[in-house]
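In numbering that gives the first Met the number 0, the protein residues as written are 0 to 284.
For each residue, glycine too, the CB sits at the ideal point set by N, CA and C.
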Amino acid sequence: MEKKKTETFWIGCHLSSAKGYLAMGKEGERLGCNVFQFFTRNPRGGSVKPLDLEDVAQYNAFHREKGFGTLLAHAPYTMNPCAAKPELREFARSKMKEDLARLELLEDVMFNFHPGSHVQQGAEAAIPMIADVVNDILSAGGKTPILLETMAGKGSEVGRSFEELRAIIDRVEQKERMGICLDTCHVYDGGYDIIGNLEGVLQEFDDIIGLDRLKAIHLNDSKNPMGSHKDRHEKIGEGALTLAGITAIINHPKLRHLPFYLETPNEAEGYAKEIALLRSLRKDG
Ligand code: FE
Ligand code: FE
Ligand code: ZN
């Protein structure tokens, strides 16, 4: 009998971009990653180093040689494309434009961001603002896909429900470049029971957004119960999602082809352990 070819398990973690792309690639390889995520700039201050073109070229070669999967570039979470103050929205717009232009030089990357916080304006007012920023940054051209992250619904976060994410995409002109990054801690905290009813949640996602838009998973356990709207990540298997729940997620036929990025509270060696553990829990497809 012919042996079935096993599908690649795309698994990795969040890495510091302080030393550049090639350094991240090598660190990722050391930890057992074949994908990784990084912040496009300082997650709090928003500052960014000048782009080192040689480092980008060296990383692209490394990426091809090692057979790495698609990287995830995360925008700093202080950027708020639906802030009430116009100058804050402009700040988000210009920085995201700049980030996207820089990412164009990487051969295999997606750009992920938090839709934002509506701060008393209501989601109805915020959604067109977010779409406006996305339309503007996409109008510059390029190939990099843009992912909206599912949020926990902490404070006035937009993107807690699949309906809100769908409403943003509906207003984007270049829909073919739009996707979703599902954060397992966030959706669970947001009230979606991916542990007791993964099948039902995926069906709901498919009905509202379409599973073809799902491009990445942030794989995190949660410190809090379902619907808590807290957004506090926990180490794999040590939180409310449980190891059994996470095992079901990484093996699910509708999810297993996606890249999984860990954002668990870990140092490098902790990530290496989690990656090894998850590889041992991955079943042949
Ligand atoms: Fe995030
Ligand atoms: Fe996340
Ligand atoms: Zn989070």
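Cβ-Cβ distance between residue i and residue j below 9 Å
i           : j           : result
residue 118 : residue 69  : no
residue 73  : residue 111 : yes
residue 151 : residue 184 : yes
residue 248 : residue 276 : no
residue 143 : residue 108 : yes
residue 245 : residue 280 : yes
residue 148 : residue 182 : yes
residue 179 : residue 32  : no
residue 103 : residue 141 : yes
From the options, residue whose alpha carbon lies closest to that of residue i
i           : options               : result
residue 239 : 252, 219 and 253      : 219
residue 173 : 138, 203 and 181      : 138
residue 28  : 267, 280 and 248      : 267
residue 224 : 252, 213, 9 and 195   : 195
residue 233 : 188, 212, 258 and 134 : 188
residue 131 : 16, 85, 32 and 264    : 85
residue 71  : 198, 171, 65 and 36   : 36
residue 171 : 146, 186 and 181      : 146
residue 208 : 252, 163 and 222      : 163
residue 186 : 49, 47 and 217        : 217
residue 120 : 15, 155 and 204       : 155
Cut-off 7 Å between Cβ atoms - residues of its own chain near residue i, not counting five sequence neighbours on either side
i           : result
residue 256 : 6
residue 125 : 81, 115, 117 and 157
residue 270 : 12, 30 and 261
Beta-carbon proximity list for residue i, same chain, < 6 Å, skipping 5 on both sides
i           : result
residue 153 : 228 and 230
residue 191 : 200
residue 136 : 95, 96 and 99
Span of the alpha helix (DSSP H), counted from its first residue to its last, around residue i
i           : result
residue 202 : 197 to 207
residue 33  : Element bounds for residue 33: n/a, residue is neither H nor E.
residue 61  : 52 to 65
residue 161 : 161 to 169
residue 274 : 267 to 280
residue 244 : 241 to 250
residue 136 : 122 to 137
residue 90  : 85 to 102
Cβ neighbours of residue i in the same chain (closer than 8 Å, five flanking residues each side left out)
i          : result
residue 45 : 75, 77, 78, 90 and 94
residue 58 : 19, 20, 21, 23, 24 and 105
residue 88 : 79, 80, 81, 82, 128 and 132
Limits of the beta strand (DSSP E) - the one that residue i falls within
i           : result
residue 147 : 145 to 148
residue 182 : 177 to 182
residue 72  : 70 to 73
residue 109 : 108 to 112
residue 10  : 10 to 13
Min CB distance residue i to chain C below 9 Å
i           : result
residue 114 : This model lacks chain C altogether; it includes just one protein chain.
Quiz item: Counting pairs of Cβ atoms below 8 Å between the segment 37 to 44 and the segment 97 to 105, do you hit three or more?
Solution: yes
Quiz prompt | Residues whose Cβ lies closer than 7 Å to any heavy atom of ligand 4, in chain order | solution = Here the bound small molecules are ligand 1, ligand 2 and ligand 3; ligand 4 is not part of this structure.
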